[in-house]
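Counting in this note's numbering, the sequence shown runs without a single skipped number right up to 148 at its last residue. In what follows, a single structure is set out as structure tokens and then discussed.
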Amino acid sequence: MSKRAFYTGVTPEAYNELKSKLQTYGMNLQGDSGRISEKGVNANFNYDPAAKSLEISDLSVGFPASMMINADSLLQRMNEMITKYGGRAEV
């Protein structure tokens, strides 16, 4: 089952930090929107710098990433990172 997350208050600095952190997991977000399909992680993403919002949709984690992380723990780590830089997760 795929997961979804929506964040508000995401500054460009916070978005860049998140992208850098995800790179340490071997995932590269290119630009402000698109699809990621790397290391077993699949998701759509859309960052709107004017609205300071970030949407992650259709997030799923398969092999080989599933050997280290699952979708819930990846979302938790993203939540912590966004919150650290002043953003917040919306339900």
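Note that the Cβ used here is the ideal one computed from N, Cα and C, for glycine as well.
- The C-beta of residue 141 has fewer than 16 other C-beta atoms within 10 Å across all chains shown, which makes the residue exposed.
- The secondary-structure analysis by DSSP pairs residue 112 across a beta bridge with 63, 103.
- Its chain contains 83, 84, 85 as the residues whose beta carbon lies nearer than 8 angstroms to that of residue 95, once the 5 sequence neighbours on both sides are disregarded; these appear in chain order.
- Rounded to whole angstroms, residue 63 and residue 116 show a C-alpha spacing of 12 angstroms.
- Bounds of the beta strand (DSSP E) holding residue 93 are 90-95.
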